[in-house]
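Trainee: Here it is, the structure, as structure tokens.
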Amino acid sequence: MTGSDADVLVVGGGPVGLAAAIEARLAGLTVVVAEPRPGPVDKACGEGLMPRAVTALDRLGVDPPGRPLAGIAYVRGPQRAEHRFAGPPGRGVRRTALHAALADRAAALGVERVAARVRALHQDADGVEAAGVRARWLLGCDGLHSTVRRLAGLEAPAPRRTRRYGVRRHLRVAPWTDLVEVHWGPRTEAYVTPVGPDLVGVALLGPAPIDVDAELAAHPALAGRLADAEPDGPDRGAGPLRQRTRARTAGRVRLVGDASGYVDALTGEGLRLGFAQARAAVTLLDDAAGYERAWRAATRDYRLLTSTLVAAATSPLRPALVPAAVRLPRVFAGAVEVLAR
């Protein structure tokens with residue numbers, strides 16, 4: 001292989017892939033995005049951007065429409081613990097609206113796109129080739145079930161005992177709060193995110209199978225609010241959520257976002273982390289060890305907090321989580337601020 005079609009090939013044209021492409025163009029690099037699906041692409045997603053994710057988008061020149069999110073509430077029956085962010089708000093944004101805003105910004109910056117699926121990957125000392133494109137570097141931003149991760153030999157088996165899944169449904173109803181509400185039921189958590197003046201997203205997380213109607217019935221307070229709400233579009237599912245990697249780099253390949261490893265959606269930090277990783281990957285293209293260090297630093301709090309919450313949520317301690325948050329408001333506030341800062 002000789003020569004290059006681009007400095008950077010981004011595999012995966014979702015929000016994280018597009019953010020990585022924008023980062024590369026802002027750094028003066030030529031970029032091609034390989035994505036077989038026409039956009040905007042919808043998928044199972046909680047759709048709540050934490051404050052740092054909103055800040056990251058602003059730096060990229062992206063301002064998607066949505067609803068301000070002032071904080072997070074944990075709810076179980078009549079018990080409720082809530083904390084409002086000490087700093088700027090987050091934002092509830094429909095996945096398709098976020099995708100469209102990022103795609104418009106990438107196109108305006110001159111990012112090229114090829115409608116192709118990666119089936120093989122070849123690299124040498126000077127570059128990497130995939131989807132018919134030769135580039136100096138490849139960023140694998142192709143999600144939970146990353147083909148790049150597998151082809152680069154970076155996949156590691158995830159433990160079966162903690163397999164969790166997610167299903168999201170949009171419902172036509174006026175939001176009743178400016179918080180992300182997490183309703184804790186016997187086996188699932190229901191994340192309610194305002195995303196429009198008459199639309200909320202409800203994402204259910206837990207073990208399979210997840211029957212949305214049956215699970216919502218197990219959240220009586222929430223079910224009452226949604227009793228007359230009509231679904232807006234089909235349900236979307238994802239999982240298993242836990243994904244592990246041996247490393248985040250292999251030669252000229254860098255894994256970014258969910259492709260680089262994922263614990264759970266419980267803390268809603270996926271996009272914030274993906275944007276931070278995209279910036280680090282572009283900044284450290286020629287420093288594999290530096291990117292590994294940056295990845296660990298960016299995900300450290302997320303991995304610790306999310307692993308702890310998932311362990312509690314899948315144990316006999318589950319019923320005690322919301323009562324503990326109510327009794328220990330400073331601890332709950334501190335955890336929420338970890339997500340926000």
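Residue numbers for the sequence shown follow full-length UniProt numbering, beginning at 1 and rising by one.
Glycine residues also receive a C-beta, built at the ideal position from the N, C-alpha and C atoms.
None of these values were measured; they are calculated from a predicted model.
Which ranges would you report for the alpha helix (DSSP H) in the region 147-194 if only whole runs of at least 4 residues count?
Mentor: Fully enclosed alpha helix (DSSP H) runs of 4 or longer: 147-151.
Trainee: Which class does Asp104 belong to by DSSP, given the choice of helix, strand or coil?
Mentor: Helix.
Trainee: Counting C-beta neighbours from all protein chains within 10 Å, is the total for Asp258 16 or more, i.e. buried, or is it exposed?
Mentor: Buried, because 16 or more other Cβ atoms sit within 10 Å of the Cβ of Asp258.
Trainee: Is the number of C-beta pairs between the region 16-26 and the region 133-148 that are closer than 8 Å three or more?
Mentor: With a cut-off of 8 Å, the region 133-148 and the region 16-26 count as touching, because enough Cβ pairs lie within range.
Trainee: How many Å lie between Leu154 and Ala221 at the Cα?
Mentor: If you take the alpha carbons of Leu154 and Ala221, they lie about 44 Å apart.
Trainee: Over the uninterrupted alpha helix (DSSP H) stretch that includes Leu241, give me the two end residues.
Mentor: Run containing Leu241: none; DSSP gives neither H nor E here.
Trainee: Specify whether the region 105-116 and the region 23-38 touch according to this definition: at least 3 beta carbon pairs, one from each stretch, less than 8 Å apart.
Mentor: Contact between the region 105-116 and the region 23-38 is present, because at least three Cβ pairs lie under 8 Å.
Trainee: Rounded to the nearest angstrom, what separates Pro15 and Ala97 at their Cα positions?
Mentor: Using only the alpha carbons, I get a separation of about 10 Å.
Trainee: Going by beta-carbon coordinates alone, are Leu9 and Val133 separated by less than 8 Å?
Mentor: Yes, these two residues count as a Cβ contact at 8 Å.
Trainee: Cα-Cα, which of Ala44, Gly71 and Ala6 is closest to Gly202?
Mentor: Residue 202 is actually Val in this sequence, not Gly. Selected option, being the one with the closest Cα: Ala44.
Trainee: When the Cβ atoms of the region 303-312 are set against those of the region 173-188, are three or more pairs found closer than 8 Å?
Mentor: With a cut-off of 8 Å, the region 173-188 and the region 303-312 do not count as touching, because too few Cβ pairs lie within range.
Trainee: Let's test the definition: count the other Cβ atoms within 10 Å of the Cβ of Pro40 and tell me whether it reaches 16, buried, or not, exposed.
Mentor: Pro40 is buried by the Cβ-count criterion.
Trainee: Just how far apart, CA to CA, sit Val256 and Val11?
Mentor: Spanning the two alpha carbons is a distance of roughly 10 Å.
Trainee: Do the region 269-277 and the region 51-67 meet, that is, are 3 or more Cβ pairs less than 8 Å apart?
Mentor: Yes, they touch.
Trainee: Identify whether Met1 lies in helix, strand or coil by the three-state DSSP scheme.
Mentor: Its pLDDT being 38, under 50, Met1 is placed unreliably by the model, and the measurement read from it follows with that caveat. The answer is coil: DSSP assigns Met1 none of H, G, I, E or B.
Trainee: Return the Cβ separation of Ala70 and Pro89 in integer angstroms, given the expectation that the two are a contact with Cβ distance under 8 Å.
Mentor: Indeed they touch by this definition, with Cβ atoms about 5 Å apart.
Trainee: Here's a check: name, in chain order, each residue in its chain whose Cβ is nearer than 6 Å to the Cβ of Gly237, leaving out the five neighbours to either side.
Mentor: Taken in chain order, the residues that qualify are Ala44 and Val167.
Trainee: Nearest-angstrom Cα distance between Met1 and Asp287?
Mentor: A caution first: Met1 carries a pLDDT of 38, below 50, which makes its placement in the model unreliable, though a value can still be read off. If you take the alpha carbons of Met1 and Asp287, they lie about 22 Å apart.
Trainee: Cα separation between Gly196 and Val263?
Mentor: Their backbone Cα atoms lie some 28 Å apart in a straight line.
Trainee: Any idea what DSSP makes of Leu18, helix, strand or coil?
Mentor: Correct three-state label for Leu18: helix.
Trainee: Taking the C-alpha atoms as reference points, what is the distance between Arg119 and Ala333?
Mentor: Computed Cα separation, rounded: 45 Å.
Trainee: For the region 260-299, list the beta strand (DSSP E) runs that are entirely contained and at least 3 residues long, ordered along the chain.
Mentor: None, since the region 260-299 contains no complete beta strand (DSSP E) of that length.
Trainee: Quick one: give me the first and last residue of the alpha helix (DSSP H) that Ala340 is part of.
Mentor: Here the alpha helix (DSSP H) through Ala340 covers Pro329 to Ala340.
Trainee: Would a C-beta distance cut-off of 8 Å place Thr46 and Pro194 closer than the cut-off?
Mentor: Residue identity check: residue 46 is Gly in the sequence provided, not Thr. Not in contact: Gly46 and Pro194 (Cβ atoms no closer than 8 Å).
Trainee: In whole angstroms, give me the CA-to-CA distance for Gly77 and Ala190.
Mentor: Answer to the nearest angstrom: the Cα atoms are 13 Å apart.
Trainee: With DSSP run on the structure shown, which of helix, strand or coil describes Leu57?
Mentor: Helix.
Trainee: Ends of the beta strand (DSSP E) at residue 342?
Mentor: Absent from the structure is residue 342, since the part of the chain shown begins at 1 and ends at 341.
Trainee: Determine the direct distance from the alpha carbon of Pro64 to that of Gly48, and round the result to whole angstroms.
Mentor: Approximately 12 Å, taken between the alpha carbons.
Trainee: Counting only the same chain and skipping the five closest in sequence on each side, list residues whose C-beta sits under 8 Å from that of Glu82.
Mentor: Excluding residues within five positions, the ones whose Cβ falls inside 8 Å are Gly71, Ile72, Ala73, Tyr74 and Leu179.
Trainee: Can you find the residues in the same chain that come closer than 6 Å, C-beta to C-beta, to Leu121, ignoring five residues on each side of it along the sequence?
Mentor: So the qualifying residues of the chain are Ala130 and Leu151.
Trainee: CB Gly127 to CB Arg252, shorter than 8 Å?
Mentor: Against a cut-off of 8 Å, the Cβ pair of Arg252 and Gly127 comes out as a contact.
Trainee: Who are the near neighbours of Ala174 in its chain, counting only those whose CB is closer than 8 Å to its CB and skipping five residues on each side?
Mentor: Counting only Cβ-Cβ distances below 8 Å, and skipping sequence neighbours, we find Pro197 and Asp198.
Trainee: For Ala135 versus Ser260, is the C-beta distance shorter than 8 Å?
Mentor: The answer is no: Cβ separation not under 8 Å.
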